[in-house]
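Comments concern the structure below.
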Amino acid sequence: MEKIRFLYTLTHTKWKRAGIVFFLLYNISIIMLITPHTVLSQTNKPFNVTKIVISGLNSLDEREFLHLLGIHEGDTVDENKIREGIKSLFKKGLFDDVKIYGNQDTGVLTVAVAERAIITDVKITVSGNLSKKVIKESFTLREGIQYNEDALKTAVKELTDNIVEKGFPAASVEAVPAPDKTTGRVKILLNIKTGEPLKIKKIVMSEGQSADLLDVHEGDVFDKHYVESKLKELNDELVKQGYYSPVVKLFSFNPADGTLVIEVTTGKKLLVTFRGNEFFSTSKLNKEMPFLEYGGVGPDIAEEAKQSLITLYHQNGYIDVTVSYEIRQLNKDVEVAYTISEGKKYEVDKIIFTGVTQDVKKLKSKLYTEEGKAFNPDVMEDDRTALLDYYRGVGFLSIKVTELTPITNANNGTVTLQVHIEEGQRLIISQIKITGQESLKETDLMALIKIPLKTPYSEQDVFDARQELLSYIKRNGYANGDVKISYETDSSAETTLIFHITEGKKYYFGNTLVKGNVKVKWDVFQRVIKHTVGEPFDFSKVNREMSDLYRTGLFKSVDVEYADHEGGLRDVMFHVVEGNAGVIEYGLGYGEYDGLRGFVDVKYLNLNGMNRQLSLNTRVSMIDRKVSLNYYEPWFLSTALPLSATISYEGRDEKNYDTMEINYRVQKYTAAIGVEKELADSLKGKLFYEFNIVRTWDVQPDVILSHEDSGTLAISSIVPSVVFDNRDNPLEPTSGFTAGIHLKLASKLLLSDTDFIKLSGYGNYYLGLTKGLVLATSLRTGIGQGWKSTVNLPIIERYFLGGGTTVRGYGQDSMGPKGTNNDPTGGNAFLMGNLEFRIKLTDSLGLVLFGDGGNVWPLLSQYSLDNIDYTTGGGLRYATPVGPLRLDYGYKLNRKQDESPGRFYFSIGQAF
């Protein structure tokens, strides 16, 4: 018979009955624990684990359990290791009891756990006039949190009180927990009976106000929270109307007769008048007034408003403006009357620097005062500070701005700003030293400093060097490390730059725990969390892991906390809140070519808890229909190699844009599968296999270039591509570059009916020129070549140009070669370029000026840069959450006889 040599147990909720003597013997060890758990031990002899047997585990993957325990088969363990492992398990928040039995003869470690009851679902039935959604929002217990009777009682009471306040005084709430005896999970069954509601039968408002202003009506249920929210809206509306300090409150409600009494005291209305203002409108000046914000009128507030007006005028060049005011008490109103003498407007003619060796253009760029702009006397000290900061930043530490004088010319309303500077000596870095480091090597630290000797001091270079050192120190586990800077300067202005290193205590990654995951499996976290126990602690690595967890799309929030232990170990606990894995998106739109269009996307992001995704996408417009079923596996073959698979149907009616007659109709069935790989930062590679069954009919005779343009065609192809993208915002980029190369190879060796190769590429560049002005450029090209019996690409694979996203000014797909009836046939090659100036007028409204050019050629051999068609134009943009609404007009610069001069385009999203 086997003899159990030792036993460890931690009990979370209550003491196990072990006898009073047993309790006394281990009282000291109990007190030493952080949490009120018991630790029982009969030996501290190391124990070699050959097998681990776990019982009672239902809610957690065994691999995550062992990761938390920190013990695996083959490990040697002792009392301390087991103690720490059990503490780690309890931090997960899933267990009431953990017992570990070990047999030193066989090496078997037996772990018995008792799991906490976790709420898995809340089912709601309602008898009465309240929605389940309202009730669920008011019920504080949620899926995924721990169940206990006290919490349920509290939640039921709060829910009952909430329903009563919504106007159902006789409401009753019955909550029945339904535990699963196998897993210990709990469903909560809520049965709500609202009873008869309190109805508002009469509304009485003071001061003759109409109840219609409230959007509360006789016959409504008396929902106290709703009524109070409407009272606040009324109060805000009175403030907008000019009443300062109005009082709107619920005075009483009589349940017996249903009378609702609302007290309304508007107070006095504020009238602010302006006299003498010509440059600014009265509405503009009113926006500067703080009276309603303060809820009162008095000399102090009126004086503050006066200074705001003077500041506003100064900002626009009225340096001699004067403002006076008078406060008048009227019968029911208060008037604050401002009298303004604007004076003459001044603009900056010239800024003259003397005594400087630095580039004058650069110095001017540092000033708030600008040539050709309104002169503002209030920024003179800011200009002085800006010059001092710049000079000190490039090594002139004894800089003095001795003169900063505006000279006005009243005859022409101009100002000349004279600036005289005494620069002093410029510091030259002659030597760099590092001090204070203990474990880190000086040579490694020196290699991070990219400041050449014998060069002028640069504050930016020194800042960058400090950041590099600080980042290196923290990456190596010195979480509290610091770098300070000092200088030693001699009389020749040569300086020794000294970086003082403070390493502090070195930390190492300890255990990693995840709390809050219910449906997301441990495998997902293992893939994202890259740090390992014992490696130097690095904040930046944890931040990247948090970002990667967010990018999975599975979590509403991801937070992290740390716990330090002896030996410099730092545990990391990720607190996650899972989001809704099911997503439905839909929308409507309109395009000038495809007319009314809409989409519905249904997606599930967490198949089997593994972040595998399944989606059904539907797109419909006046000319095309598309339905696709997509599967995404983020870790194909258990490696960081995402796999995608798609089955889709697409039907499309291609029309001649000018006549709107059908050029051809097409149906395409597609099956595709492939992988993608992050090759580097912002660089991604893809490799797909694609099989299409294409049916083309109703083809205009002059569009047919080969027998493959009509009938049914099988296209089997391999499609590799590479994409680079470092734009700051995919919807509204203001900086960055994106480019891609796409190859499609179809061959009868792949069971295709046709043989061809297509190579397409694009490059888009975005540059912010000034605030609110972005230069956007694009170059796109494609070439295709058939072989064997294929000369022209099949019509479904040929290139077409023209339209709102290619060359604006031309109809959709209307450029390039034409048939005998002037129908576009497409071609085997194309080239296109776009240039846009995107100007932001307001937060939501923008203007675009553009130039486009391009063409399509029938065959690669006819590819030529001599016959490019060019257009120019402009457009408006209106920002929305899904991208800007776009209205463009393109004008043809080299239009042919009988061609229209240009076209309008309306769509969503930028052209490129």
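So for the sequence shown, the working numbering puts the first residue at 695; every next one is plus one. For glycine and all other residues, C-beta sits at the position ideal for the given N, C-alpha and C.
The three-state reading of DSSP puts K875 in coil, since its state is none of H, G, I, E or B.
If you draw a straight line from the Cα of P1071 to the Cα of L1579, it is about 41 Å long. Put simply, of V1416, K851, Y1504 the residue whose alpha carbon is nearest the alpha carbon of A869 is K851. Of the candidates L1539, G1503, S1594, A1334, the residue whose Cα lies closest to the Cα of G1567 is G1503.
For D1242, the CB contacts under 8 Å within the same chain, skipping 5 residues up- and downstream, are V1222 in chain order. Taken atom to atom, the span from the alpha-carbon of E1065 to that of P1146 is near 36 Å. For K1039, same chain residues with a beta-carbon under 8 Å away, outside a window of 5 residues either side, are F973, N1010, G1011, Y1012, A1068, G1107 in chain order. The C-beta of L1495 has 16 or more other C-beta atoms within 10 Å across all chains shown, which makes the residue buried. Between L1248 and N1300, the C-beta spacing is below 8 Å. The C-alpha of K887 is placed about 6 Å away from the C-alpha of G822. Of the other Cβ atoms in all chains shown, fewer than 16 fall within 10 Å of the Cβ of D994; this residue is therefore exposed.
In this structure, L1543 is the residue among G1577, T1340, L1543 with its C-alpha nearest to the C-alpha of Y1585. Going by C-alpha positions, K1168 is about 32 Å away from Y1085. Residue environment for E912: exposed (fewer than 16 other C-beta atoms within 10 angstroms of its C-beta).
Taking the Cα positions, Y1343 is about 9 Å away from L1323. Taken atom to atom, the span from the alpha-carbon of L1377 to that of Y1459 is near 15 Å. In the displayed model, Q1001 falls within a helix according to three-state DSSP. The straight-line gap separating the alpha-carbon atoms of T1196 and V1177 is approximately 6 Å.
Separation of the CB atoms of L1525 and N1549 is rounded to 7 Å, and the pair is thereby assigned contact status at 8 Å. Excluding the 5 residues flanking it on each side, V1218 has same chain C-beta neighbours closer than 6 Å at N1305, in chain order.
Assignment of W1551 by DSSP, reduced to helix, strand and coil, places it in the strand class.
Within the DSSP secondary-structure output, W1391 pairs in a beta bridge with R1359. The three-state reading of DSSP puts I776 in helix, counting H, G and I together.
As DSSP reads the structure, A1365 sits in a beta bridge with I1341, F1385. Non-local beta-carbon contacts of L965 in its own chain, meaning distances under 6 Å to residues more than five positions away in sequence, involve D1027, E1029 in chain order. Going by C-alpha positions, G1049 is about 57 Å away from S939.
Secondary structure remark: continuous beta strand (DSSP E) runs of at least 3 residues inside the segment 1563–1603, in chain order: 1563–1572, 1579–1586, 1596–1602. Comparing alpha-carbon positions, the option among D1232, S1124, V1227 lying closest to T1189 turns out to be S1124. Under the DSSP definition of a beta bridge, V1177 partners with I1195. Inclusion of T1406 and A1366 in the CB contact set at 8 Å is not warranted, their separation being larger than that value. If only uninterrupted alpha helix (DSSP H) runs of at least 4 residues are considered, those enclosed by the segment 814–851 are 826–832. For G1513, same chain residues with a beta-carbon under 6 Å away, outside a window of 5 residues either side, are D1396, V1397, T1519 in chain order. L760 is positioned such that its CB atom lies closer than 8 Å to that of I746. P949 carries a coil assignment under DSSP once its states are collapsed to helix, strand and coil.
The closest CA to that of R1319, considering only Y1325, S1309, F1293, A999, is found on F1293. DSSP places Q1009 within a helical segment (H, G or I) once states are collapsed to three.
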